[in-house]
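Our numbering runs 4 ahead of the 1-based position in the sequence shown.
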Amino acid sequence: MGHGASRLRGLVREVAKFGAVGGAGVLVNLLVFNLVRHVTDLQVVRASVIATVVAIVFNYIGFRYFTYRDRDKSGRTREMTLFLLFSAVGLVIENGVLYAATYGFGWNTPLQNNIFKFVGIGVATLFRFWSYRTWVFVALPARAPASDSGPTAEQERNKQRVP
């Protein structure tokens with residue numbers, strides 16, 4: 005198979021892992037959202053922001069140690085800063101959809117809240133997938149094939165030992 009097919013398989017595998025972590029994160033987000041809504045008197049968007057923050061923490065752990073575990077780990081401060089920045093943008097997108105539906109259109113039943121929370125998560129997920137894979141969890145440089153890189157250091161040492 006060609007290099008293009010290998011890259012496509014890698015992207016499919018990445019999307020599947022991102023989806024698994026993200027799907028679990030959606031469940032965490034929705035569960036926390038509904039729990040906060042039922043046990044507190046917080047307004048809908050405030051409860052949603054709390055749930056989103058909990059899901060962001062959950063997702064970082066899943067992305068770093070599952071989805072992107074093979075990515076560069078040398079710049080953790082940079083990675084965390086960018087993750088939080090792009091997560092904050094996603095939080096605004098996600099909760100902006102819910103805010104518009106609730107306060108702009110008056111759709112404020114529990115069912116409508118959950119539908120627009122879910123829609124907001126979906127829209128924000130597209131942004132997050134692009135930003136995380138492009139800027140946060142940076143791919144390590146590709147290694148050159150062994151045949152193109154010349155002799156290894158061990159091969160050079162072995163040549164020097166031969167009388």
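Backbone N, C-alpha and C fix where the C-beta goes; we use that ideal spot for every residue, glycine too. Just so you know, these numbers come straight off a predicted model, no measurement behind them.
The beta carbon of threonine 129 sits closer than 7 angstroms to those of Gly26, all from its chain and outside the five residues before and after it, given in chain order. An exposed status is given to phenylalanine 109, since fewer than 16 other beta-carbon atoms sit within 10 Å of its beta-carbon. Going by beta carbons, phenylalanine 70 and glycine 29 fall outside the 8 angstroms limit. Here DSSP, grouped into helix, strand and coil, assigns threonine 129 to helix.
With a cutoff of 8 angstroms on beta-carbon distance, valine 48 and threonine 85 are scored as not near each other. DSSP, read as helix, strand or coil, puts threonine 113 in coil. For phenylalanine 37, the uninterrupted alpha helix (DSSP H) segment begins and ends at 7-43. For alanine 59, the enclosing alpha helix (DSSP H) has its first and last residue at 48-66. Under the three-pair Cβ rule at 8 angstroms, the segment 130-145 counts as touching the segment 76-90. Look at arginine 137 here: in three-state DSSP terms it is helix. Burial check for lysine 77: the Cβ neighbour count within 10 Å stays below 16, so the residue is exposed. Between phenylalanine 131 and leucine 102 the beta-carbon gap is near 16 angstroms, outside 8 angstroms, which marks them as no contact. DSSP places tyrosine 103 in the uninterrupted alpha helix (DSSP H) bounded by 80-103. Under the three-state reduction of DSSP output, tyrosine 72 falls in the coil class, being neither helix nor strand. A direct Cα-to-Cα measurement between leucine 46 and arginine 82 gives close to 34 angstroms.
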